[in-house]
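All remarks here apply to the structure that follows.
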Amino acid sequence: MADKGHFSFDGVQLPFLQGQTILQAAADAGHYIPHLCYRPEFPPHGSCKLCSVKANGKFTSACFEPVTEGMKVESETPEIQGYRKRVVQMLFAEGNHYCPFCQQSGNCKLQAVAYHLGMEDTHYAHQYPRRQLDASHPDAMIDYDRCILCELCVRASRDVDHKQVFGVAGRGIEARLLVNSPSGLLGDSRFSITDAAAQVCPVGAIVPKKAAFAVPIGQRRYDTHDIGEELACPPSENKGD
Amino acid sequence: MASPLGQSATLHDIAARHLHARHRLLQMLREVQASRSYVPEEAIQFFAHVLNLPIARVRGCVEFYSFLHTTPRGQFDVYFSDSVTDRMAGSQIVAKRLADRLGVTLGQPRADGRVTVSMTSCTGHCEQAPAGLVNGRVFTRMTEARIEKMASLIEHGVPASEWPAEWFHVDDGIRERGITLDTVIPPGEAIRAALARGLPATLDEVERSGLQGRGGAGFPVGRKWRGAFDTKGTHYITCNADEGEPGTFKDRVLLAKYADELFEGMTIAGLLVGAKKGYVYMRGEYEYMMEGLQTVLAERRAAGLLGENVCESGLDFDLRIHLGAGAYVCGEQSALLESLEGKRGIPRVRPPSAVKIGLFGQSTINNNVESFVQAAQIAWKGADWFSAHGEAKSRGTKLLSIAGDCQRPGIYELPLGTTVREVLARCGGENAKAVQVGGPAGTCVGRAEFDRRVSYADLSTGGSIMVFNDLRDMVDVARQFAHFFAHESCGFCTPCRVGTQMLKHYADKIADGQGTQRDLEQVSSIGEFVKAYSHCGLGETAPNTLLDTIKRFPEEYTSRLLAEADFVPEFDLDASVTESRALTGRHDQLDQIHSD
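Listed in order, the protein sequences are those of chains A and B. Counting in this note's numbering, the first sequence runs from 9 upward without gaps. Counting in this note's numbering, the second sequence runs from 75 upward without gaps.
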């Protein structure tokens with residue numbers, strides 16, 4: 009049996025099991041820490057930085073930082089929530105996100121986190137990148153405009169589907185999601201709509217075809233509740249929509 | 075494969091020469107780039123096939139490194155170093171002159187495939203600027219007169235190997251020697267001294283010396299070695315010879331003149347922890363030293379200092395050199411390990427540290443070139459010899475590479491704790507108004523702070539010292555550094571990937587005289603955010619020079635802000651409607667947005 013301990017989370021004493029990360033321990037105790045590139049079934053990635061907290065006075069990512077006995081974690085301070093809003097605003101400014109007419113609207117975690125953090129504008133000048141859309145696959149399409157490089161699809165395809173359909177290329181602002189086929193097109197890859205990789209995209213970058221408005225906007229997942237309320241649900245029931 | 079048999083066979087040869095080892099992918103891609111001026115799609119698919127890697131992995135690697143290209147570059151591939159001190163020496167002028175003479179646009183290959191002229195991040199020859207690379211060979215002290223001749227040689231297709239030898243001359247640049255540069259170890263003597271003392275006792279000696287990592291971060295070398303010593307399992311030794319920090323060139327000198335000491339230090343570390351293999355990860359810009367280093371390695375193998383039964387110790391240890399391909403982030407320890415494994419150089423998550431889980435998932439000692447050299451000297455001469463220099467919390471001497479506005483640029487070995495004022499007196503930089511200590515990632519100090527010390531306790535540096543006099547525009551310096559970081563960000567984490575772009579944007583807006591007070595506040599706010607939230611040291615330090623210069627040279631910023639405007643849009647409204655104005659034929663007064 010794993011050793012138990014306690015740590016301070018925004019001034020509240022919470023229990024943790026030896027080896028747990030801050031995010032896991034907080035989630036088990038019903039505390040939501042915003043995140044986009046994290047899913048409990050995959051190893052932490054630490055790229056979105058949304059889950060950053062202050063642990064014993066130092067900024068770190070809650071998704072990979074292990075909890076230690078007596079650790080003092082700050083999460084919902086005005087400073088940190090302000091920084092988190094900056095992360096989301098930067099993601100909105102970096103890509104091309106058209107919430108009003110994105111088919112993922114209402115189910116999109118980026119949008120939901122933005123609501124949760126009270127984001128009312130994108131603050132920064134939009135970069136309007138020019139990215140190609142890939143509609144070559146019969147059952148799904150990739151809208152690269154909305155990709156936030158969380159690599160959930162990369163991990164799902166590699167670790168669950170054992171297909172390695174996705175990768176990342178380039179550097180800096182040129183970094184881009186890549187499909188693992190000679191042509192670079194999804195239609196020429198081994199991707200299937202039943203893949204785990206088809207289900208994990210937290211935004212509207214990888215979306216199924218012919219299912220866009222099965223649930224009307226207004227009745228979708230985050231139209232009905234705040235993303236911060238989800239944490240009490242076990243992760244496995246949290247999958248997909 | 076549809077390609078001609080000959081080309082296919084060549085790719086085969088490259089893969090075979092590298093034993094089809096996946097971790098040598100970057101070395102294979104470098105060879106393809108060198109022989110064909112780019113990495114064609116055919117090569118990407120070939121390596122993916124023979125190494126059993128996803129195509130995306132190979133393509134991702136090619137697109138990550140600056141010196142690898144997916145489209146042809148030209149028979150002559152010329153890069154000019156774009157470090158700020160190279161610029162001060164006229165690098166942009168000579169680059170433009172060459173481009174004009176050859177009729178090319180910077181960064182674009184000429185239509186006939188003859189040549190490309192580009193700028194690249196610092197090539198590590200700042201004291202002999204303007205410097206650069208042609209087909210992987212380093213040239214120094216480029217002048218406009220030489221450019222005329224170079225253009226003609228290129229037009230006539232004369233191979234770079236037949237160009238005037240003096241263009242490729244590299245001085246060692248040593249101006250002042252201290253205990254490190256004065257201590258030349260007869261090959262094998264430090265290893266034998268370590269074995270005679272006993273390896274655990276040598277570890278004690280390295281710990282007792284107080285040697286801290288000479289790459290800049292300053293982690294105690296002895297403690298790192300102890301950590302690996304206490305970790306069971308397979309071990310590796312890696313040397314960080316990436317030296318990508320603009321303005322640093324001291325490892326270049328050590329690699330060229332003190333290779334034996336470096337290999338000796340790595341070997342001692344290897345024997346100590348029971349590692350069988352070590353790797354020197356050397357930046358691609360230093361490829362011209364490869365032959366000399368291979369010769370030293372061969373001599374050491376022949377002398378029984380590498381390979382099986384090193385110095386009759388009963389232990390085996392050997393070394394390989396891997397080359398980078400133009401990525402500053404690979405100087406970050408965990409990114410370096412990723413790159414050594416043949417991947418994109420993306421910094422890993424920490425913990426665990428590399429000492430626990432490093433190269434190929436095994437315990438790894440990774441140190442800077444200077445650290446290994448000094449560790450070897452400590453093993454030979456003892457801890458007291460070393461720690462008699464420096465100050466209480468920063469023992470020993472430090473190699474500083476000094477460039478910019480000073481009379482005697484070059485390498486200076488000085489005790490840690492030397493003041494900036496003393497450094498300036500040594501190099502003839504008394505007229506400085508600002509000194510950038512530690513490169514763009516370091517600290518920029520003004521005259522009021524010249525009594526501060528170069529040490530781990532105060533102004534830490536991997537070795538870069540850049541001197542700026544009163545004529546220099548600090549806003550422009552900071553802008554150039556902002557461009558550098560935006561170019562070198564690996565793109566993994568949001569704050570760095572997006573934040574460095576935004577910092578670049580605002581630095582340009584302000585430097586171009588289009589900035590407002592609000593934009594200056596944006597720089598500070600984004601800068602603090604990027605520092606706090608980035609995944610690795612690159613992002614954590616990327617905003618430093620902007621923030622430092624805003625604080626220390628505020629008048630240089632405020633004097634070019636638009637005083638009357640509180641806000642200037644991010645785009646030119648007039649320019650944006652030009653097309654629709656032309657289509658509709660509207661040219662009336664009401665349509666003129668900026669008519670006042």
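Yeah, the Cβ is synthetic: ideal placement off N, Cα and C, and Gly gets one too.
Beta-carbon proximity of residue i to residue j, cut-off 8 angstroms
i: B:Q436; j: B:H309; result: yes
i: B:R469; j: B:L285; result: yes
i: B:G381; j: B:D392; result: yes
i: B:F697; j: B:C313; result: In the structure as shown, chain B starts at 75 and stops at 670, and residue 697 of chain B therefore has no counterpart that could be examined.
i: B:M540; j: B:G321; result: yes
i: A:N188; j: B:I129; result: yes
i: B:P233; j: B:G187; result: no
i: B:Y139; j: B:A399; result: yes
i: B:D256; j: B:K331; result: no
i: A:G54; j: B:V423; result: yes
i: A:K66; j: A:E82; result: no
i: B:D325; j: B:A333; result: no
Which residues DSSP lists as bridging residue i, in chain order
i: B:A59; result: Nothing can be reported for residue 59 of chain B: it is not among the residues displayed for chain B, which extend from 75 to 670.
i: B:P294; result: B:Q286
i: B:T493; result: B:R527
i: B:I248; result: B:I485
i: A:K66; result: A:A63
i: B:N441; result: B:C313
i: B:E465; result: B:S468
i: B:A477; result: B:M540
i: A:K57; result: Its beta-bridge partners do not exist; DSSP assigns none.
Proximal chain B residues relative to residue i, where beta-carbon distance stays under 9 angstroms
i: A:E102; result: T568, R571, V572 and Q575
i: A:E3; result: A question about residue 3 of chain A goes unanswered here, because the residues of chain A that appear run from 9 up to 249.
Collapsed DSSP secondary structure at residue i in the structure displayed
i: B:L227; result: helix
i: B:K507; result: strand
i: A:E245; result: Any reading at A:E245 is ruled out, since the residue's pLDDT is 38, under 50, leaving its predicted position unreliable.
i: B:M540; result: strand
i: A:G178; result: coil
i: A:E82; result: strand
i: B:M75; result: Confidence in B:M75 is poor, its pLDDT being 35 and thus under 50, which makes the residue's placement too unreliable to answer from.
i: A:Y152; result: helix
i: B:S387; result: coil
i: B:T84; result: helix
i: A:D18; result: coil
i: B:M193; result: strand
i: A:L193; result: coil
i: B:L93; result: coil
i: B:S408; result: helix
i: A:I41; result: coil
i: A:I214; result: strand
i: B:D278; result: helix
i: B:D670; result: For B:D670, the pLDDT reaches just 44, beneath the cut-off of 50, and the residue's location in the model is therefore unreliable, leaving the point undetermined.
i: A:Q26; result: coil
i: A:R92; result: helix
i: B:S534; result: coil
i: B:A428; result: coil
i: B:T517; result: strand
Within chain A, partners of residue i - CB distance below 9 angstroms
i: B:F337; result: Chain A residues near B:F337: none, gap ~32 angstroms exceeds 9 angstroms.
i: B:Q119; result: P190
Beta-carbon neighbours of residue i, restricted to chain B and to distances below 8 angstroms
i: A:L272; result: Given a span of 9 to 249 for chain A in the structure shown, any question on residue 272 of chain A remains unanswerable.
i: A:S189; result: I129
Chain B contact residues for residue i, given Cβ-Cβ distances below 7 angstroms
i: A:Y132; result: M576
i: A:A122; result: In chain order: nothing, as chain B lies at least about 14 angstroms away.
Per-residue contacts from residue i into chain A (C-beta, under 8 angstroms)
i: B:P561; result: Here residue 561 of chain B turns out to be His, not Pro, going by the sequence shown. Residues of chain A passing the Cβ test: G180.
i: B:E595; result: Result: empty, since nearest Cβ-Cβ is about 12 angstroms, beyond 8 angstroms.
i: B:E229; result: By Cβ distance, chain A contributes nothing, its closest Cβ being about 33 angstroms from B:E229, past 8 angstroms.
Going along the region 37 to 59 of chain A in order, which residues come within less than 7 angstroms of chain B, judged by CB to CB distance? P52, G54, S55, C56 and K57
Would you list, in chain order, the members of the region 416 to 442 of chain B that have their beta-carbon closer than 8 angstroms to a beta-carbon of chain A? R418, V423 and P425
Got a sec: which bits of the region 600 to 629 of chain B sit with their beta carbon under 7 angstroms from any beta carbon on chain A, in order along the chain? F603, A606, Y607 and H609
Contacting positions in the region 75 to 101 of chain A - beta carbon closer than 8 angstroms to chain B: Y91, R94, V95, M98, L99 and A101
In chain order, what residues of the region 200 to 213 of chain A put their CB closer than 8 angstroms to some CB of chain B? none
Identify each residue in the region 630 to 658 of chain B for which the Cβ-Cβ distance to at least one residue of chain A is less than 7 angstroms, and report them in chain order. E644
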